[in-house]
Amino acid sequence: MTRQEFALAQRQMMLRSILVAGLSALMAAIIIAGILTGNGSPVVIGLFWFVLIAVVFAFAPGSAWRRNPAAQGVQRHTFDANGLDLSFSGRTTRVGWDYFSQFLKGHKAYQLLRGKKFGLIVPRRAFQSQDDEKAFVGLVAGHLPARPGRQARRTPPPG
């Protein structure tokens, strides 16, 4: 995975944050109220928020990349009907589909999310053909929800 792919995935997750979206809507309302009332203080506060968010969007992914050596190294993942083999830094782990809770489709990468902050990033360029990519999407979509906010379907443990 490249640094750019990692950064795009990180920004996609940040955009999905309810806190960021809620506070941004509140700040937009404060700016509008300040403009309508002619009071400059709310406008300055609101604009400060948006500048802060822009700085975080610009620099946080690079910082996360530097702190995550596994993302920088060679990765190899295999997927089948029973789960995933995840290989990072020379170590392989087998997880079931219930390890992840959501599936996000991005412009340059897919993400399998566990919770709200952790995700496995699968760059679209990793597929040898469009048929391989379609097979992956079909496999994942059969196990994980693609809509934001929807709970994962859990299968009962065997036995």
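Each residue of the sequence shown is one higher than the one before, counting from 1 in this note's numbering. Built from N, CA and C at the ideal position, the CB exists for glycine as well.
field: Spatial distance of I32 from L120 (CA atoms)
entry: One C-alpha to the other measures close to 39 Å.
message: So F74 and L84 are supposed to be a Cβ contact under 8 Å. How far apart are they, rounded?
response: Here the sequence assigns Val to residue 74, which means Phe is not the residue at that position. 17 Å between Cβ atoms; not a contact.
Continuous beta strand (DSSP E) stretch holding F100: start and end: Per DSSP, F100 belongs to no beta strand (DSSP E) and is neither H nor E.
Range covered by the beta strand (DSSP E) that runs through R114: 109 to 114
message: Looking only at its chain, what residues have a beta carbon closer than 6 Å to the beta carbon of S89, apart from the 5 residues adjacent to it on each side?
response: A70, G73
Rounded C-alpha distance that separates Y143 from L47: Checking the sequence, you will find His at residue 143 rather than Tyr. For H143 and L47, the distance between alpha carbons rounds to 42 Å.
query: Can the beta-carbon of R20 be found closer than 8 Å to that of I53?
result: Checking the sequence shown, residue 20 turns out to be Val, not Arg. In contact: V20 and I53 (Cβ atoms closer than 8 Å).
message: Between the alpha carbons of G40 and I18, how many angstroms are there, rounded?
response: For G40 and I18, the distance between alpha carbons rounds to 27 Å.
field: Simplified DSSP assignment, three categories, for L26
entry: Helix, per DSSP.
- request: Consult DSSP for G62 and reduce its assignment to one of helix, strand or coil.
  value: In the three-state scheme derived from DSSP, where H, G and I count as helix and E and B as strand, G62 is classed as helix.
- prompt: Going by Cα to Cα distance, which pick from Q10, F136, F6, V122 is closest to A81?
  reply: F136
task: Using a threshold of 8 Å, state whether the C-beta atoms of L8 and K108 are closer than that.
output: yes
query: In the structure shown, what three-state DSSP assignment does S87 receive?
result: strand
task: Measure the alpha-carbon distance for L23 versus Q4 and round it to whole angstroms.
output: 27 Å
message: Measuring straight from C-alpha to C-alpha, what distance separates A126 and Y110?
response: Taking C-alpha positions only, A126 is separated from Y110 by approximately 10 Å.
- request: Compute the beta-carbon to beta-carbon distance between A141 and F103, rounded to the nearest angstrom, for a pair I have assumed lies under 8 Å.
  value: 7 Å
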